[in-house]
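See below for the structure under consideration.
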Amino acid sequence: MNKFLRFAFILLIVAMLGAAVIQIFQPQLLGSDSAYGLSVYWQREISFWNLDLMPLLIGVLIKYDWFYLHLVLLALILGGLGFGTNHLLGYL
Numbered sequence: 003m004n005k006f007l008r009f010a011f012i013l014l015i016v017a018m019l020g021a022a023v024i025q026i027f028q029p030q031l032l033g034s035d036s037a038y039g040l041s042v043y044w045q046r047e048i049s050f051w052n053l054d055l056m057p058l059l060i061g062v063l064i065k066y067d068w069f070y071l072h073l074v075l076l077a078l079i080l081g082g083l084g085f086g087t088n089h090l091l092g093y094l
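To convert, take the position in the sequence shown, counting from 1, and add 2; that gives the numbering used here.
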């Protein structure tokens with residue numbers, strides 16, 4: 003794994019862990035500015051999703067395998083496009 007990809011994975015892990023902690027313990031910080039409003043249970047569900055992805059990301063980071071790296075990257079890209087499109091439509 004090259005240095006840029008390793009850095010991107012570490013940055014993603016840190017960002018997702020930070021977001022999960024905020025969503026669990028302080029959901030009003032992120033939920034109050036959401037187009038959907040504050041919903042503690044929905045915010046908590048998002049944090050659980052972030053935590054669910056951690057073993058995959060950490061596993062690929064620790065034991066590099068080209069095939070599984072492609073699967074994880076594809077899942078992250080598709081998930082990001084889905085979440086991003088949903089947020090964009092909610093904003094518009």
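Don't be surprised by glycine CBs; every beta carbon is placed ideally from N, CA and C.
Please read all numbers here as calculations on a predicted model, not as lab measurements.
Y38 carries a coil assignment under DSSP once its states are collapsed to helix, strand and coil. Separation of G86 and I79 (C-alpha to C-alpha, rounded to the nearest whole angstrom) is 10 Å. Taking the Cα positions, L31 is about 27 Å away from F9. Closest in alpha carbon position to Q45, among P57, I26, L73, is I26.
Per DSSP, reduced to three states, the secondary structure at N4 is coil, with no helix or strand assignment.
Excluding five sequence positions before and after L7, none of the CB atoms of its chain fall closer than 6 Å to its own CB. Between V42 and P29, the C-beta gap is smaller than 8 Å, which places the two residues in contact. Spanning the alpha carbons of H89 and S34 requires a straight line of approximately 14 Å.
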